[in-house]
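Residue numbers (our numbering), protein chains in the order written: chain A, 10 to 482; chain B, 25 to 373. By construction, the Cβ of each residue, glycine as well, lies at the ideal position given by its N, Cα and C atoms. Remember, it's a predicted structure, so these values are computed and weren't measured experimentally.
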């Protein structure tokens, strides 16, 4: 085929394809998916696959996305992290150390789960260690000392929400405000109190039992006292208001940002789907054409083998292979296995199509001219099957994507990669569906469906353009 | 070539496939089981050692004693034999449905793999056939309807539905069903394991209630694609001359469709039914584990989570057998319905 012919047929094809609305939509979605997959390290951060195996300690666990506030009557506090230059804005140096004053506008019905002061490093040469005092000025004018002269050294994490000293301080404060506490319940409050709800609660007799939210601007004051021969490093320090909601897609049981998982999952899904479809269709076409070209005994043997492969159920064998590989199949192994089972159907159709092409006069002419077997197969027969090949490649992607997702869902996936199937496996193992964690279950499946749908649309459009015989359908 | 001979050759063919697949499976399994057994031997020897220590009869030379015990168990578990011998050994055991025991009990106190499978398979079949009957019924009804009015709004809606549902994972849809109907609305129980306190009529009602969600999931995800294929087959048949002849004769349209066209389309439709039954078995099995339906899918999930290799082997073998039986059935019905079929059909396609 000359280059001019190729260009002409391509533009002809495009003119036809343009009329297929579903095909264009498919192309658009595909471009979007490819962009997401390629831009994953920029959209999120490049260390996500590494981080995915660990617990994300800073994040809240199992919380819905932030935008649920738009739809619900109860406003939930979002996740807020102050670090780096943002934290430095609130930082002041005094004679005795540092003061961090953070205004926090609590406009929510449910306050943050916790307030964490993290990665502050204290060093001391002498006996006296640096100390931390935390106060909060509430919108009703009262001031509570949450933590008094807390000594620390080394890398320190202070969780105000669960710290027993903070609970004690809150009980003392409530008492000092003239509110009676049932003495028999005091111990219970000390161990079980939801401290942040009290900090952000209205000052009345219910404050410990059933705190009502008090909205307004709070000021948290972190006073760090640094003695003479000690030093405090605040360069990596973070103050985290652990949210009741997080980001665009919420978090899972390990506090992982599900949006990052979905974005990174697109890479695996696309890579596996496309490579499996391309390889299995190519193998199938060559197998079918070769079988048809040789005919006779070769054909018979090749078709017997094809029948043998076709009568093996793939999923159970894949599961057994998964256990054979030690419970986890790495990505290239999944591709290999899916290709091994994927070429079978294509080979059968390719063979019957090739049988017709073989009888055409130009193949006979080529043979008479002395063309080699390889040349006839590759140059004269395979190109005739390309239209069918492209359509079945596109139509083969959803099956491969689903198979990979199913294997990952069963826990046999690649542990070093982030995949949608694995996110759903974790969701299933944590009972996400029966606990109502919809933000954990919905997006991965929708993403799988989107990839499948994209390729089905492209495939059917290609089929209609390239195989006009089927147009009546 | 007679039908009897056709049947015989088909069955022989399936048996050869079964033998080869089981050989490959055994070869894989021996490798998996080897690691598993080595761990088990060390556990057992340690346990024995501790038991002896407690009784105050600790062996004088622990290392030698340990080596002896390990050698004993290696002999017991046939680990001292050659790889090829063990492959053949497991092959023989698998072919005769002897899969050994699991380490931890499944379904209460059951540890025999064969007994576990005996309990699980009927439950899977119960769920699966119910769903398939509904799918076939809906599929034929909707497919024929769409074929009657090609290009109509109904036809297009069906095509879109088929496209969308064929690209969603069935098990994921099951999770969504659970979210909506079990968690949000609370209409159906979230777990499928029946309440053991109920008997008689109440038990049946309880069972049915627990079947609704899994069956609805399988039906919803499969029926669109199904109806679409039937539509395509029917469109092909409706263009044949004999349909035109029947119409020209004045046969009522209803009778043309259900009496003439559907009957002529029967062979591919029946094969489709059986093949898709087999094809969707895999998806349905994973869906089972979402609903904790105590069938094969649930057992698969348990086996994979707890690394029960014997159980995985048994499940795989039974699955292969079910699949092959289905393939034979499909072939036979096709050969029965369409007398043109011959053995070695590939010779003259």
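{"Item": "Taking Cβ positions, are residue 315 of chain B and residue 237 of chain B nearer each other than 8 Å?", "Value": "yes"}
{"Item": "Starting from residue 86 of chain A, follow the beta strand (DSSP E) in both directions and report where the run begins and ends.", "Value": "Where residue 86 of chain A is concerned, there is no enclosing beta strand (DSSP E), given that its DSSP letter is neither H nor E."}
{"Item": "If you pair each beta-carbon of the region 253 to 271 of chain B with each one of the region 167 to 187 of chain B, do three or more pairs fall below 8 Å?", "Value": "yes"}
{"Item": "Does the region 231 to 240 of chain A come into contact with the region 125 to 145 of chain A, if we say contact requires no fewer than three beta-carbon pairs (one atom in each stretch) closer than 8 Å?", "Value": "yes"}
{"Item": "When the cut-off is 8 Å and only beta carbons count, does residue 326 of chain A lie next to chain B?", "Value": "yes"}
{"Item": "With DSSP as the reference, label residue 421 of chain A as helix, strand or coil.", "Value": "coil"}
{"Item": "Tell me which residue opens and which closes the alpha helix (DSSP H) that residue 271 of chain B is part of.", "Value": "265 to 273"}
{"Item": "Give the single residue among A/35, A/208 and A/276 whose Cα lies nearest to the Cα of residue 463 of chain A.", "Value": "A/35"}
{"Item": "Indicate whether residue 311 of chain A and residue 296 of chain A have their beta-carbon atoms separated by less than 8 Å.", "Value": "yes"}
{"Item": "Determine the DSSP secondary structure at residue 308 of chain A, reduced to helix, strand or coil.", "Value": "helix"}
{"Item": "Grab me the residues of residue 332 of chain B's own chain with a C-beta within less than 6 Å of its C-beta, minus the 5 sequence neighbours each way, in chain order.", "Value": "126"}
{"Item": "Using alpha carbons as the reference points, say which of B/351, B/355, B/329 and B/340 lies closest to residue 434 of chain A.", "Value": "B/329"}
{"Item": "Assign residue 225 of chain A to one of two classes, buried (16 or more other C-beta atoms within 10 Å of its C-beta) or exposed (fewer than that).", "Value": "exposed"}
{"Item": "Assuming residue 295 of chain B and residue 358 of chain B form a contact by the criterion Cβ under 8 Å, report the distance between their Cβ atoms to the nearest whole angstrom.", "Value": "5 Å"}
{"Item": "Determine the direct distance from the alpha carbon of residue 61 of chain B to that of residue 106 of chain B, and round the result to whole angstroms.", "Value": "15 Å"}
{"Item": "If you run the structure through DSSP and keep just helix, strand and coil, what is residue 386 of chain A?", "Value": "helix"}
{"Item": "Would you call the CB atoms of residue 29 of chain A and residue 473 of chain A closer than 8 Å?", "Value": "yes"}
{"Item": "Name, in chain order, the residues that DSSP records as bridge partners for residue 226 of chain A.", "Value": "A/114"}
{"Item": "Using beta-carbon positions only, say whether residue 445 of chain A and residue 100 of chain B come within less than 8 Å of one another.", "Value": "no"}
{"Item": "Using 8 Å as the limit for Cβ to Cβ distance, is residue 419 of chain A near chain B?", "Value": "yes"}
{"Item": "Tell me, please, which residues DSSP counts as bridged to residue 109 of chain A.", "Value": "A/100 and A/231"}
{"Item": "Applying the criterion that 16 or more other CB atoms from any shown protein chain within 10 Å of the CB defines a buried residue, is residue 479 of chain A buried or exposed?", "Value": "The predicted position of residue 479 of chain A is uncertain, since its pLDDT is 48 and thus under 50; no value can be drawn from it."}
{"Item": "Got a sec, what are the start and stop residues for the alpha helix (DSSP H) residue 73 of chain B sits in?", "Value": "27 to 78"}
{"Item": "At which residue ranges does the region 185 to 226 of chain B contain complete alpha helix (DSSP H) runs of 4 or more residues, listed in the order of the chain?", "Value": "194 to 201"}
{"Item": "Name, please, each residue of chain A whose Cβ falls closer than 8 Å to the Cβ of residue 92 of chain B.", "Value": "Those do not exist, as residue 92 of chain B stays about 30 Å from chain A at its closest Cβ, beyond 8 Å."}
{"Item": "Give the straight-line distance between the Cα atoms of residue 373 of chain B and residue 315 of chain A, rounded to the nearest whole angstrom.", "Value": "Caution applies to residue 373 of chain B, whose pLDDT of 39 falls short of 50 and renders its modelled position unreliable; the value that the coordinates give is listed next. Between residue 373 of chain B and residue 315 of chain A, the C-alpha separation is close to 15 Å."}
{"Item": "Using three-state DSSP, classify residue 371 of chain B as helix, strand or coil.", "Value": "Only weak support exists for where residue 371 of chain B lies, its pLDDT of 42 falling under 50; the coordinates are left without a value."}
{"Item": "Pull out every residue of the region 446 to 461 of chain A whose Cβ sits closer than 9 Å to any Cβ of chain B, in chain order.", "Value": "446, 447, 450, 451, 453, 454, 455, 457, 458, 459, 460 and 461"}
{"Item": "Kindly list, in the order they appear in chain B, the residues whose Cβ is closer than 8 Å to that of residue 336 of chain A.", "Value": "328 and 331"}
{"Item": "Alpha carbon to alpha carbon, how far is residue 443 of chain A from residue 234 of chain B?", "Value": "14 Å"}
{"Item": "Here's a check: name, in chain order, each residue in its chain whose Cβ is nearer than 6 Å to the Cβ of residue 449 of chain A, leaving out the five neighbours to either side.", "Value": "261, 436 and 441"}
{"Item": "Closer than 8 Å, CB to CB, is residue 343 of chain B near chain A or not?", "Value": "yes"}
{"Item": "Three Cβ pairs or more, each shorter than 8 Å: is that satisfied between the region 261 to 271 of chain A and the region 99 to 118 of chain A?", "Value": "no"}
{"Item": "So what does residue 133 of chain A bridge to, in DSSP terms?", "Value": "A/239"}
{"Item": "Give the DSSP-derived three-state secondary structure of residue 157 of chain A in the structure shown.", "Value": "strand"}
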